[in-house]
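Presented below is the structure to which this report refers.
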Amino acid sequence: MLDKMSENLKEATKFIEQGHVRVGPEVVKDPAFLVTRSLEDFVTWVDGSAIRKHVMEYNEMRDDFDML
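Quick note on UniProt numbering: the sequence shown kicks off at 1 and runs consecutively.
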């Protein structure tokens, strides 16, 4: 939510449990995972995530090569 990846906590929890979020190279599926300050900048969508695809299309940043 801090990075505007979801609108509310319930939605954020669902994204995490479904495996759409990674911290650094590690996919996080536990909503209780503690993200330290040093890792805050590395929270992002998983490369093959459908959510990432929709966000990139909305922001007109989608490249077909990135989605392979």
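Yeah, the Cβ is synthetic: ideal placement off N, Cα and C, and Gly gets one too.
All values derive from a computational prediction rather than experimental measurement.
> In chain order, what residues of the same chain lie with their CB nearer than 8 Å to the CB of Val-46, ignoring the 5 residues before and after it?
Replying inline: Gly-19, His-20, Val-21, Arg-22, Val-27 and Arg-52
> By DSSP, does Met-1 sit in helix, in strand, or in coil?
Replying inline: Residue placement at Met-1 is poorly supported in this model, since its pLDDT is 48, which falls under 50; the coordinates are not used for a value here.
> How big is the Cα-Cα spacing for Leu-9 and Phe-15?
Replying inline: 10 Å
>> Considering only DSSP beta bridges, list what Thr-44 is partnered with.
In response: Arg-22
> What are the start and end residues of the alpha helix (DSSP H) that includes Arg-37?
Replying inline: Element bounds for Arg-37: n/a, residue is neither H nor E.
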